[in-house]
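A.B. asks:
Protein chains in written order, with my numbering: chain A, 3 to 196; chain B, 15 to 120.
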């Protein structure tokens, strides 16, 4: 947990919020738990991302559309070739979860690579959009299950929250695509947008 | 017009004195209100106060416990002090003569 909190602080540092990053590092050194520090860092990043996203609606739309189209392509949902779709296989196969995680990581990576000027807010916006679409899917499926009560009813109730959390790995893919762990440039202007 | 939170921040800076940076300011507010304070919101408010000319800031030296990052020290300007006094006067006027608030708080 400590390592993840350090990464959260590092992310703040890299988006131009060095003073806040320093404060959180100091609080971690004093008496705060890594979970508290991580929550503070994430709140700051999400807040800064939301402000940045509001100030550039066109880019946000482009990033969200990129993420969605990427997900459709890696799912095999191509126009005029519906037989290539692997959604059914993903939901029933043992290797499905691994492939799904890879797909969402790929979405974040592609968004970050295509928006190198300011990847962080756009990756967060994409992850938010994918969470929203998954939430609608989960809601519809749950309502359907409550109506027809199929045999896999209980299993599905365990699996659905995972589907809801899946877009979070888009952020990991986005940070990877933005060379976060290699020290590549990130959104230095997010502090201005705050 | 200052928000309650901005007023709290100005008062916290005045209380902490020369060593007023993010951590003691936030902790001072938490101690006074007994509520958790989101650190990002403190910096958002400090940015706004600085834009309004109510506080100024200077960068300190980097320290090891902050991972080599510098502290940003805040000071209330004369204009900021005036804003605090005006808020105090406004609150005092609103407070005065309310029968529901008679007696000590304890």
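Idealized CB from N, CA, C, for every residue including glycine. Note that the structure is a prediction, hence the values are computed from the model and not measured.
(1) Please report whether the beta-carbon of residue 86 of chain B lies at a distance below 7 angstroms from any beta-carbon of chain A.
(2) Going by the CB atoms, is the gap between residue 176 of chain A and residue 98 of chain A shorter than 7 angstroms?
(3) What are the partner residues of residue 88 of chain B, as DSSP defines its beta bridges?
(4) The alpha helix (DSSP H) that contains residue 180 of chain A, what's its start and end?
(5) Under a three-way DSSP split, which group does residue 195 of chain A fall into?
(6) Just verifying my parser: in three-state terms, what is the DSSP assignment at residue 16 of chain A?
(7) Would a check of beta-carbon distances place residue 100 of chain B closer than 7 angstroms to chain A?
(8) For residue 71 of chain B versus residue 53 of chain B, is the C-beta distance shorter than 7 angstroms?
(9) Taking the alpha helix (DSSP H) that residue 78 of chain B belongs to, which residues open and close that run?
(10) Could you tell me which chain B residues have their CB closer than 7 angstroms to the CB of residue 22 of chain A, listed as they occur along the chain?
(11) Residue 44 of chain B versus chain A: which residues are under 7 angstroms apart at the beta carbon?
(12) Give me the Cβ distance between residue 90 of chain B and residue 66 of chain B, rounded to the nearest whole Å; I'm assuming they're in contact under 8 angstroms.
(13) If I measure Cβ to Cβ from residue 173 of chain A and keep anything under 7 angstroms in the same chain, skipping five residues before and after, which residues do I get?
(14) Leaving out five residues on either side along the sequence, give the residues of the same chain with a beta carbon under 7 angstroms from the beta carbon of residue 195 of chain A.
(15) Within 10 angstroms of the Cβ of residue 139 of chain A, are there 16 or more other Cβ atoms? Answer buried if so, exposed if not.
(16) What's the call for residue 74 of chain A, buried or exposed, on a 16-neighbour Cβ count within 10 Å?
(17) Could you work out which residue in A:47, A:29 and A:147 is closest to residue 39 of chain A when comparing CA atoms only?
(18) With a CB to CB cut of under 6 angstroms and the five nearest residues on each side skipped, what residues in its chain are close to residue 133 of chain A?
(19) Less than 7 angstroms between the C-beta atoms of residue 180 of chain A and residue 113 of chain A, yes or no?
(20) Are residue 24 of chain A and residue 83 of chain B close, meaning C-beta to C-beta below 7 angstroms?
(21) Taking Cβ to Cβ, would you say residue 107 of chain A is nearer than 7 angstroms to residue 165 of chain A?
C.D. replies: According to the structure data:
(1) It does; some Cβ of chain A falls within 7 angstroms.
(2) Contact flag unset, no.
(3) The beta-bridge partner set that DSSP reports for residue 88 of chain B consists of B:71.
(4) Note, residue 180 of chain A: premise wrong, no alpha helix (DSSP H); not H, not E.
(5) Below a pLDDT of 50, predicted positions are generally treated as unreliable, and residue 195 of chain A, at 45, falls in that range; the measurement from the model is reported next regardless. Residue 195 of chain A falls in the helix class under three-state DSSP.
(6) Residue 16 of chain A: helix per DSSP, three-state reduction.
(7) No, its Cβ sits nowhere closer than 7 angstroms to a Cβ of chain A.
(8) At least 7 angstroms separates the beta-carbon of residue 71 of chain B from that of residue 53 of chain B.
(9) In the DSSP assignment, residue 78 of chain B falls outside any alpha helix (DSSP H), carrying neither H nor E.
(10) Residues of chain B with a Cβ closer than 7 angstroms to the Cβ of residue 22 of chain A are, in chain order, 36, 53, 54 and 57.
(11) Close to residue 44 of chain B, with beta-carbon spacing below 7 angstroms, lies no residue of chain A; the smallest spacing is near 11 angstroms.
(12) Actually they are not in contact, since the Cβ atoms of residue 90 of chain B and residue 66 of chain B sit about 12 angstroms apart, beyond 8 angstroms.
(13) Its chain contains 110, 125, 126 and 129 as the residues whose beta carbon lies nearer than 7 angstroms to that of residue 173 of chain A, once the 5 sequence neighbours on both sides are disregarded; these appear in chain order.
(14) Its pLDDT being 45, under 50, residue 195 of chain A is placed unreliably by the model, and the measurement read from it follows with that caveat. Residues of the same chain with a CB within less than 7 angstroms of the CB of residue 195 of chain A, apart from the 5 flanking positions on each side, are 50, 53, 54 and 57 in chain order.
(15) Burial call: exposed.
(16) Taking all protein chains in view, the Cβ of residue 74 of chain A is surrounded by fewer than 16 other Cβ atoms within 10 Å, so the residue is classified as exposed.
(17) Comparing Cα-Cα distances from residue 39 of chain A to each of A:47, A:29 and A:147, the minimum goes to A:29.
(18) So the qualifying residues of the chain are 169.
(19) Contact flag unset, no.
(20) With respect to the 7 angstroms criterion, residue 24 of chain A and residue 83 of chain B are classified as neighbours on the basis of their beta carbons.
(21) Cβ atoms of residue 107 of chain A and residue 165 of chain A: not closer than 7 angstroms.
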